[in-house]
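Please read the structure below before turning to the comments.
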Amino acid sequence: MAREALRRAVRARRGTEAEADDADGSDTPPPTDRHAPDATGPDTAAPGDEGSGDTGGVDVSPGDVAREALRSAREEADVRPGRAGTPARRAPSPAPRVPRTTRGDRAADTRAREVRSALADAFRLPGTADGPERDPGPGTGAAPTPAAPRDTAPRSMAAPARDGELRRTFPAFPPRTPDSPRFAETWWGDEWVTALEDGALDAARLARGRAYAEEGHVDAITVTPGLVLAYVRGSRPRPYRVQVRLRTFGDAEWERFLDAAAERPGHIAALLDKEMPQSLADCGVLLLPGPGDLAPRCSCPDSGHPCKHAAALCYQTARLLDADPFVLLLLRGRGEREVIDALSRLSAARTARAVQGREPEPLPGVRAAEAVARSGLPPLPAPLPPPPHPEQPPVYPASPGGPDPFALDQLATDAAARAHALLTTGRDPVARLTLWQDAVRLAAARPGSGLTAATRALYSSLARAAGRTPADLARAVAAWRQGGRRGLDVLDEPWDPPAGRFDRARPLLLAADLPAFRPWRNHLTHPRGHVQLRLGRDHLWYAYESEPGHDDWWPRGTPDPDPVGALTGLDTPGDL
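Numbered by our numbering, the letters in the sequence shown go through residues 54 to 629 in order.
Here's what the structure looks like:
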């Protein structure tokens with residue numbers, strides 16, 4: 054590059070001198086050089102003025118021009134950004150420019166600037182701005198240039214796009230809390246951990262590796278036949294490449310294992326449910342590793358067996374085995390699909406050989422001719438004798454916000470009595486009752502009299518369900534207790550009785566020294582308005598009482614075929 058700059062400077066100087074000689078010898082203007090400065094500019098100088106002006110008459114050789122061009126090119130290369138991670142050097146202060154006074158010197162200066170511009174890219178180093186270079190591909194003989202800088206730590210070894218039957222990639226496990234002394238959750242995972250711990254030479258490294266695994270320092274895990282591979286983050290920024298090797302099975306060992314698995318259908322079902330039966334693991338082939346079978350390797354400088362990074366990978370592999378025992382079969386040399394297909398073929402072959410050795414069994418069931426020939430069903434067995442009386446229901450505990458235990462007990466007792474009556478007589482005594490009549494019946498069956506606090510709650514709920522008021526329900530309960538369903542009909546339904554019994558009642562009352570009662574439909578009311586007789590459809594007289602002058606009638610006494618007898622049953626017959 055220095056020689057090329059020198060040549061260009063010499064050629065530029067010679068061309069400038071030749072132009073100056075032509076200008077002194079003739080009146081023809083010299084040809085315009087596209088590299089020379091503009092003649093009309095401020096730097097224009099007449100030929101022959103060398104050594105005059107402010108430059109002091111200093112003459113510059115072509116070697117000085119070339120050295121200055123090379124120095125400028127190096128300075129420009131130093132200030133450009135270098136490789137990733139390398140700080141750009143600060144450009145030194147420019148050297149004092151050599152003074153030039155002639156036209157040739159100015160042309161050489163312009164040429165030197167062009168040389169520096171041309172040589173500037175020759176000193177630029179590749180950086181991150183250029184973008185990653187592509188892999189030339191296999192067979193080209195050229196090594197691929199990594200896109201990332203050399204000091205960038207690899208993030209993951211996972212490549213799910215490359216997974217297949219004999220390669221599986223599992224994402225990194227999240228950190229777990231050491232709430233259990235056992236790291237694995239299955240017996241085959243425990244066996245893997247036992248093989249690791251029994252073959253280890255340093256318990257402290259094992260403890261540190263287990264802590265790494267619990268803290269989530271193990272990246273995605275790749276499993277191939279005989280190899281477990283992953284990056285493990287340690288105390289340094291760059292993770293370590295860790296691998297654990299396990300011997301794969303030969304064809305003879307695989308044949309023995311598959312025969313033992315296909316011999317019992319439960320083994321195949323357990324494998325499909327991601328379970329490993331212990332009888333299958335002890336079938337004559339050592340499926341699980343023993344002490345010393347695991348061969349760990351790590352890129353760290355630690356020479357322990359295993360180091361804490363390899364121990365962390367082994368602990369996380371135990372969690373993989375917990376979730377899917379087919380990972381262990383892949384480590385032994387065969388993938389999940391290949392194992393399942395082989396077990397299916399062996400199971401089908403065993404079934405076919407077993408069927409060929411015996412005659413077909415008759416199908417279970419009844420022949421169609423025999424089923425059609427039957428004319429009737431066999432008689433039902435005799436029913437069991439009914440109990441002598443209904444049993445008592447269980448005691449219901451009281452709970453805050455729950456139903457009333459006494460009301461539940463009453464409902465259960467009533468249901469038991471109805472069931473017993475239906476069982477013994479074949480009839481339900483309350484089957485034809487309406488909702489209002491059944492509510493009155495339930496309220497009348499409650500022991501006690503009057504509206505107490507407990508009774509008010511029951512009356513309120515029953516009256517609300519029937520669309521009545523608690524006072525209506527209390528009056529209806531008195532009528533039910535007086536005459537049952539007939540007494541409730543007398544309370545609710547006035548009717549027009551035929552001539553005869555109703556007409557003979559008034560003479561009977563007059564004969565008993567009672568005043569003349571006022572008739573209205575089936576009612577006979579005392580003139581004072583405090584006693585009333587009502588004739589029911591069952592031809593019985595029902596007595597009612599009220600406050601004088603108030604139409605508030607309540608059933609009193611017991612029904613009687615004689616109207617005088619119905620009044621005699623009142624508590625105050627002398628008031629009549």
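Every residue gets a Cβ at the ideal spot worked out from N, C-alpha and C, and that includes glycine.
Going by DSSP, name the residue or residues bridged to residue i.
i       : result
Asp-577 : Looking at the sequence itself, residue 577 is Leu, so the reference to Asp does not match. In the DSSP output, where bridge partners are listed per residue, Leu-577 has Pro-572, Leu-586.
Gly-357 : Paired residue(s): none; Gly-357 is not in a bridge.
Leu-280 : Thr-277, Arg-298
Trp-240 : In DSSP, Trp-240 forms no bridge with anything.
Phe-223 : Ile-274
Trp-533 : Looking at the DSSP assignment, Trp-533 forms no beta bridge with any residue, so it has no partner.
Val-285 : Val-271, Tyr-293
Tyr-595 : Arg-587
In angstroms with no decimal places, state the Cα-to-Cα distance between residue i and residue j.
i       : j       : result
Leu-577 : Arg-538 : 21 Å
Ala-225 : Ala-256 : 25 Å
Leu-340 : Gln-409 : 33 Å
Gly-520 : Ser-513 : 10 Å
Val-295 : Leu-366 : 7 Å
Ala-407 : Arg-317 : 14 Å
Leu-123 : Pro-290 : 42 Å
Tyr-595 : Thr-522 : 23 Å
Ala-348 : Pro-415 : 58 Å
Phe-555 : Arg-471 : 37 Å
Leu-254 : Cys-353 : 17 Å
Arg-534 : Trp-607 : 12 Å
Asp-377 : Asp-304 : 23 Å
Glu-25  : Ala-532 : Shown here, the chain extends from 54 to 629; a query on residue 25 therefore has no answer.
Arg-403 : Glu-391 : 18 Å
Arg-581 : Trp-548 : 23 Å
Ala-264 : Glu-308 : 39 Å
Gln-585 : Tyr-597 : 5 Å
Asp-216 : Gly-386 : 15 Å
Ala-435 : Ala-474 : 19 Å
Arg-420 : Ala-426 : 10 Å
Asp-615 : Leu-437 : 47 Å
Ala-552 : Leu-562 : 17 Å
Ala-237 : Glu-268 : 15 Å
Run the CB neighbour count on residue i, radius 10 Å, all protein chains shown included, and call it buried at 16 or more, exposed below.
i       : result
Trp-573 : exposed
His-592 : exposed
Ala-363 : buried
Ala-482 : According to the sequence provided, residue 482 is Pro. The question's Ala does not apply to it. Per the 10 Å Cβ criterion, exposed.
Gln-331 : exposed
Thr-205 : Residue placement at Thr-205 cannot be trusted, given a pLDDT of 47 that sits under 50; the coordinates are not used to answer.
Ala-619 : buried
His-442 : exposed
Lys-327 : exposed
His-603 : exposed
Leu-430 : exposed
Leu-488 : exposed
Gly-540 : buried
Thr-230 : exposed
Pro-453 : exposed
Val-271 : buried
Arg-587 : buried
Gly-589 : buried
Pro-359 : buried
Gly-190 : Confidence at Gly-190 is low in this model, with a pLDDT of 39, below 50, so its placement is unreliable and the value that follows should be read with caution. Flag for Gly-190 reads exposed.
Ala-524 : exposed
Would you give the residue range spanned by the alpha helix (DSSP H) that residue i belongs to?
i       : result
Ala-256 : 256 to 267
Leu-374 : 361 to 376
Phe-236 : Here Phe-236 belongs to no alpha helix (DSSP H), and DSSP marks it neither H nor E.
Phe-310 : 304 to 316
Trp-489 : 488 to 498
Arg-557 : 554 to 564
Ala-472 : 458 to 478
Val-448 : From DSSP, Val-448 is part of no alpha helix (DSSP H); its letter is neither H nor E.
Thr-621 : 616 to 621
Ala-426 : 421 to 426
Arg-380 : A small fix is needed here, since residue 380 is Val in this sequence, not Arg. 379 to 384 is the extent of the alpha helix (DSSP H) around Val-380.
So residue i and residue j are supposed to be a Cβ contact under 8 Å. How far apart are they, rounded?
i       : j       : result
His-579 : Pro-568 : 7 Å
Leu-464 : Ala-492 : At roughly 12 Å, the Cβ-Cβ gap does not stay under 8 Å, so Leu-464 and Ala-492 are not in contact.
Ala-248 : Asp-346 : 6 Å
Leu-511 : Ala-529 : No, Leu-511 and Ala-529 are not in contact; Cβ-Cβ is about 14 Å, not under 8 Å.
Val-276 : Leu-384 : 6 Å
Pro-612 : Gly-536 : 5 Å
Leu-280 : Gly-388 : Not quite, the Cβ-Cβ distance comes to about 14 Å (not below 8 Å), so this is no contact.
Considering just the uninterrupted stretch of the beta strand (DSSP E) at residue i, what are its terminal residues?
i       : result
Trp-607 : 607 to 613
Arg-350 : 348 to 351
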